[in-house]
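The structure appears below as structure tokens.
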Amino acid sequence: MSLIRKHLLGLEGVEKDELNHIIQTATSFKEVLSRPFPKVPTLRGKTIVNLFFEASTRTRFSFELAEKRLSADTLNFSVSASAVKKGESLRDTAQNIEAMKVDMVVIRHAAAGAPHFLANCIKGSVINAGDGCHEHPTQALLDMMTLLEKFGDLQGLRVAIIGDVLHSRVARSNVYGLTKMGAEVALCGPSPLIPIRADQWPVKIMNNVDDAIFWADVLMVLRIQMERQQANFFPSLREYHNYFGITVDRLNRARKTLTIMHPGPINRGIELDSELADSEHSLILDQVTNGVAVRMAVLYLLSGEK
Amino acid sequence: MSLIRKHLLGLEGVEKDELNHIIQTATSFKEVLSRPFPKVPTLRGKTIVNLFFEASTRTRFSFELAEKRLSADTLNFSVSASAVKKGESLRDTAQNIEAMKVDMVVIRHAAAGAPHFLANCIKGSVINAGDGCHEHPTQALLDMMTLLEKFGDLQGLRVAIIGDVLHSRVARSNVYGLTKMGAEVALCGPSPLIPIRADQWPVKIMNNVDDAIFWADVLMVLRIQMERQQANFFPSLREYHNYFGITVDRLNRARKTLTIMHPGPINRGIELDSELADSEHSLILDQVTNGVAVRMAVLYLLSGEK
Amino acid sequence: MSLIRKHLLGLEGVEKDELNHIIQTATSFKEVLSRPFPKVPTLRGKTIVNLFFEASTRTRFSFELAEKRLSADTLNFSVSASAVKKGESLRDTAQNIEAMKVDMVVIRHAAAGAPHFLANCIKGSVINAGDGCHEHPTQALLDMMTLLEKFGDLQGLRVAIIGDVLHSRVARSNVYGLTKMGAEVALCGPSPLIPIRADQWPVKIMNNVDDAIFWADVLMVLRIQMERQQANFFPSLREYHNYFGITVDRLNRARKTLTIMHPGPINRGIELDSELADSEHSLILDQVTNGVAVRMAVLYLLSGEK
């Protein structure tokens, strides 16, 4: 069974059945990845372009691995060597790729909506690998898959997303996905880093991290994206760490064992203590492993192959 | 039947039979590209290096796709990560690649003649993917293929090449190819951007774009290469647009329906109106599609494979 | 027979039997490379990541070719597009790659010891492709293979390593390897560029290049790494050339025919005359050819495949 949709641009509006279907497919692919020969011929002869307009290692590697394990041919676009520098529009880049008969495009772009724009220009499928401060749907899918592996069911699970929610496409996609799956979601961070319209989302908003810890089963700790901070949203990193850093001390004081997640790359000692990132309650490396399986599932399901 | 030549360094001196043979082979490969499984095993086990000393997306993608659809193994060289920075000569780079037993090299270089130099250093085949202001033979081949698809025959077809001819390797290769194929060619642009020796080429030279429009069946609009302009060849982009821009107004005044081509990337609204680039008379995206087929044909024919 | 070791981090402590075993395996692979179809399916389904934290063309190409000729899937990491810029630690990068179930990692890094650190973090095999001023084991292996091809046996062969020994990982790996293989090794260069502890190595130290020429059978000429010189180790390149450059004149005066090696890229006319680099006594291009075979051997032997 393939997906009815043609593109994966975000999790907004994606229903629970569809989320479950993608995650179940990913679970089958995870089994493939553990075999001595971890490849399937599913996408042999298909060409996939990875259009990364923003620097990325982990997400690009994860997609490229997924593509290679499905036996697709891959082309990598790095913005530094591209016609973008020559002033070409995204639409022209897209139409050119289309004219070359490419089957699927994975795009990361600094502008929210770029993947949606691309999806209108080309016949092939488009997968959003992160657009500005908007969505990063495969990240949320891998987060949900990882939580399902641990908890079996997300109904009623309490997930607190901690940190710079404003700039986080990971947070946005998880709010859509987790609430559809029945989880309760809280957002917690410095007020300037909580989106103004978040009060219209089906989430709790907390300004005190100790309250969030008291409430939550799972802490999804966001990265402080130094490279995205154009204004001063908090006084200093030390200040941020003191008020919102997830530390061993803080958890000890709360006398709670909480599951820890982080989309990476981690700023150890800023938003998360190193000891917690590496503890037995951390799912961080499971998230990475599941990322490849989830991306295989999305590529496979959108391709319409059997 | 393979080609007698070993390298494709330019179209100067390439005869009509050979041009037709390459384009006919490309037409067969175009059929392959439309299949559900658009690959052939022709170059399995061959290694091709894409040596791009200048930034490029579209040409590199087109070659890389052609290589992958012929099942070759590809290595990509980007100048930013290379020994060139460490002061290595092109000859040493070439000999090293040769010593690694590479079968073919696709090279783009800012220096005219670099591919010819390379062809003297190595045993493998060399394909010029653009050398300075000299030649870009696969671009002219795909242009001719696209015109043949539309017009059936190039004999007597009037092609006006508009813009910065001086810096255009596309123009130079097309002058050689189109005239060999029996087309009539005119060059039209600001005087400083028409090469002094162009009066020795078998072409008309026009300084007024309306004359060119009146005369031509096809407009091949060149890109204003901002990144290549070291001197001031025209007062401003606005001035260029006013005197040489191909606009809807200008074509309406001429009451002519002209076929529009452009090698890309387009500066929309400078050398060409957006509406014309996207009109039914534009062959721009056909050019891109045919590019992959032409490059497959060239790689195949030079390889000597059956 | 595979290797007992799991990683190849350096040649320090590698025994003669093991060196011979790797080189013999490389010799078999060299025969594969001369076939019309120069590939073997040995590492089909294996994924190898090339983590190059320093710019490199020749070594990366050589590894990537070796990987493709063994039919492995490859992922290329270039530091410019990476999370390193976002402040991620090497350990986190490593653990992420590990979590994506990568089989082997080839790493080049400016910090001595980085590959050893990586080997402690991940389950896959690690191959050192050059770490700071420490080791570059595959380079020394290909140097020894090339000498064995010419001389049959290294016992008693006199190899003088000339130039910037201090910053040379090539020199260090060759000292370990060549002496284990029974060769006699001399180091010759400006005093500030000979490591202080070199007097504890089983080598001769010479400050006069004419003495080295008089003594040696083979000159292994090192590259003056302009990009690595942070202090002024010698007055000027001209001075260096006058006192330590290997020139036709100098060899003529010594009335000796010496075998010339160089790890590349060559600064022609600085550490080595162009004429000597290209002479019949130069093994420089044989070194490059053998590099691919040696890397195939190392990847194959570490993989544990049959």
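Protein chains in written order, with our numbering: chain A, -14 to 291; chain B, -14 to 291; chain C, -14 to 291.
Just so you know, even glycine gets a beta-carbon here, dropped at the ideal spot from N, CA and C.
Would you kindly report the start and end of the unbroken beta strand (DSSP E) that includes C:C173? Start at 1 with the first residue of the third sequence, and residue 173 of chain C comes out as number 188. Unbroken beta strand (DSSP E) run through C:C173: E169 to C173.
For B:T42, decide whether its Cβ has a neighbour in chain A, counting only Cβ atoms nearer than 8 Å. Stepping through the second sequence from its first residue, residue 42 of chain B is reached at position 57. Judged by the 8 Å Cβ criterion, B:T42 is in contact with chain A.
For the beta strand (DSSP E) that contains C:T244, what are its first and last residues? What you label residue 244 of chain C is simply residue 259 of the third sequence in a count that begins at 1. Here the beta strand (DSSP E) through C:T244 covers T244 to M246.
Start-to-end residues for the beta strand (DSSP E) that takes in B:I251: For the purposes of this step, residue 251 of chain B is identified with residue 266 of the second sequence, where counting begins at 1. Unbroken run through B:I251: none, as it is neither H nor E.
Spell out whether any CB of chain C is found under 8 Å from the CB atom of A:I251. Against the first sequence, residue 251 of chain A aligns to sequence position 266. True, the Cβ-Cβ gap to chain C drops below 8 Å.
Counting only beta-carbon atoms, is B:L28 nearer than 8 Å to chain A? The residue you call residue 28 of chain B lines up with position 43 of the second sequence. By this cut-off, B:L28 is not an interface position.
Using DSSP with H/G/I as helix, E/B as strand and the rest coil, what is A:V(-1)? By one-based count along the first sequence, residue -1 of chain A stands at place 14. Coil.
Can you name the residues of chain B whose CB is closer than 7 Å to the CB of A:N81? Position 96 of the first sequence, counting from 1, holds the residue named residue 81 of chain A. Per Cβ cutoff of 7 Å: R43, G249 and V273.
Which residues in chain A sit within 7 Å of B:E49, going by Cβ to Cβ distance? On the second sequence, residue 49 of chain B is found 64 positions in, with the first residue counted as 1. Ordered by position in chain A, the residues that pass the 7 Å Cβ test against B:E49 are L60.
For A:A68, count neighbouring C-beta atoms within 10 Å of its own C-beta (all shown protein chains included) and say buried if the count is 16 or more, exposed if not. Position 83 of the first sequence holds residue 68 of chain A. Below a pLDDT of 50, predicted positions are generally treated as unreliable, and A:A68, at 47, falls in that range; no measurement from the model is reported.
Could you tell me which residues DSSP puts in a beta bridge with B:E120? Within the second sequence, residue 120 of chain B is the residue found at index 135, counting from 1. DSSP lists no partner for B:E120.
Can you pull the chain C neighbours of B:A84, defined as C-beta to C-beta under 7 Å? Residue mapping note: residue 84 of chain B aligns to position 99 of the second sequence, counting from 1. The contacting residues are L270, V273 and T274.
Selected residue, minimal CA-CA separation from A:H6, among A:M166, A:L36 and A:L28: On the first sequence, position 21 is the one that residue 6 of chain A refers to. Residue A:M166 is the option with its Cα nearest to A:H6.
Using beta-carbon positions only, say whether B:E290 and B:T32 come within less than 8 Å of one another. For the purposes of this step, residue 290 of chain B is taken as residue 305 along the second sequence, with counting starting at 1. For the purposes of this step, residue 32 of chain B is taken as residue 47 along the second sequence, with counting starting at 1. Cβ distance not < 8 Å, so B:E290 and B:T32 don't count as in contact.
According to the neighbour-count rule (16 or more other Cβ atoms, all chains shown, within 10 Å of its Cβ), is A:M211 buried or exposed? Locating residue 211 of chain A in the first sequence gives position 226, counting from the first residue. Label assigned to A:M211: exposed.
Taking a contact to mean a Cβ-Cβ separation below 8 Å, would you say C:L287 touches C:I112 in this structure? By 1-based counting over the third sequence, the position of residue 287 of chain C is 302. By 1-based counting over the third sequence, the position of residue 112 of chain C is 127. For C:L287 and C:I112, yes; Cβs fall inside 8 Å.
Taking the CB atoms as reference points, tell me whether C:V144 and C:V194 lie closer together than 8 Å. In the third sequence, the residue the question calls residue 144 of chain C occupies position 159. In the third sequence, the residue the question calls residue 194 of chain C occupies position 209. No, they are not a contact pair.
Is the distance from the Cβ of A:F62 to the Cβ of A:V87 below 8 Å? Here residue 62 of chain A refers to the residue found at position 77 when the first sequence is read from its first residue. Here residue 87 of chain A refers to the residue found at position 102 when the first sequence is read from its first residue. By the CB criterion at 8 Å, A:F62 and A:V87 fall outside the cutoff.
Kindly list, in the order they appear in chain B, the residues whose Cβ is closer than 8 Å to that of A:E52. What you label residue 52 of chain A is simply residue 67 of the first sequence in a count that begins at 1. What A:E52 touches in chain B: nothing, since even the nearest Cβ is about 12 Å away.
On the three-pair Cβ rule with 8 Å, is the region 237 to 247 of chain B touching the region 257 to 270 of chain B? yes
Compute the Euclidean distance between the alpha carbons of B:K24 and B:M130, then round it to the nearest angstrom. By one-based count along the second sequence, residue 24 of chain B stands at place 39. By one-based count along the second sequence, residue 130 of chain B stands at place 145. Their backbone Cα atoms lie some 21 Å apart in a straight line.
Cβ pair B:A95, B:E39 closer than 8 Å: Here residue 95 of chain B corresponds to residue number 110 of the second sequence, with the count starting at 1. Here residue 39 of chain B corresponds to residue number 54 of the second sequence, with the count starting at 1. Cβ atoms of B:A95 and B:E39: closer than 8 Å.
8 Å Cβ cutoff met for A:D116 and A:R154: The count along the first sequence starts at 1 and reaches residue 116 of chain A at position 131. The count along the first sequence starts at 1 and reaches residue 154 of chain A at position 169. Contact: yes.
Residues of the region 9 to 35 of chain A whose Cβ lies closer than 9 Å to any Cβ of chain C, in chain order: L18, S19, R20, P21, F22, P23 and K24
Spatially closest choice to B:R157 from B:A197, B:I179, B:I92 and B:S19, by CA coordinates: Here the question's residue 157 of chain B lines up with position 172 in the second sequence. That would be B:I179, whose Cα lies nearest to the Cα of B:R157.
By how many angstroms is the C-alpha of C:L(-4) removed from the C-alpha of C:N159? The residue you call residue 159 of chain C lines up with position 174 of the third sequence. The residue you call residue -4 of chain C lines up with position 11 of the third sequence. Their backbone Cα atoms lie some 8 Å apart in a straight line.
Going by beta carbon distance, what residues of the same chain come within less than 8 Å of B:A201, once the five residues before and after it are set aside? Position 216 of the second sequence, counted from the start, is the residue given in the question as residue 201 of chain B. These residues qualify, in order along the chain: R143, V144, A145, A171 and L243.
Cross-chain neighbours of B:S74 in chain C, by beta carbon under 9 Å: For the purposes of this step, residue 74 of chain B is taken as the residue at position 89 of the second sequence. For B:S74, the chain C residues whose Cβ falls inside 9 Å of its Cβ are P250, I251 and R253, in order along the chain.
Can you name the residues that DSSP bridges to A:R93? In the first sequence, counting from the first residue as 1, residue 93 of chain A sits at position 108. Answer is A:F37.
When the Cα of B:V279 is compared with those of B:V17, B:G249, B:G(-2) and B:R(-10), which residue comes out closest? Taking the first residue of the second sequence as position 1, residue 279 of chain B is located at position 294. The residue with the shortest Cα to Cα distance from B:V279 is B:V17.
Give me the Cα-Cα distance between B:A97 and B:M89, rounded to the nearest whole angstrom. Your numbering for residue 97 of chain B matches position 112 in the second sequence. Your numbering for residue 89 of chain B matches position 104 in the second sequence. The alpha-carbon atoms of B:A97 and B:M89 are separated by roughly 20 Å.
Along the chain, where does the alpha helix (DSSP H) that runs through B:K165 open and close? Looking up residue 165 of chain B in the second sequence gives position 180. Run containing B:K165: R154 to K165, per the alpha helix (DSSP H) assignment.
To the nearest angstrom, how far is the alpha carbon of B:F199 from that of B:R43? Numbered from its first residue, the second sequence carries residue 199 of chain B at position 214. Numbered from its first residue, the second sequence carries residue 43 of chain B at position 58. Their backbone Cα atoms lie some 32 Å apart in a straight line.
Bridge-paired residues (DSSP) for C:I305: Coverage of chain C is limited to positions -14 through 291, which leaves residue 305 of chain C absent and any answer about it impossible.
Taking Cβ positions, are A:I255 and A:I209 nearer each other than 8 Å? In the first sequence, residue 255 of chain A corresponds to position 270, counting from 1. In the first sequence, residue 209 of chain A corresponds to position 224, counting from 1. Their beta carbons are under 8 Å apart, which means A:I255 touches A:I209 by this criterion.
Under three-state DSSP, which class holds A:S259? Along the first sequence, one-based indexing puts residue 259 of chain A at 274. In the structure shown, A:S259 sits in a helix (DSSP, three-state: H, G or I).
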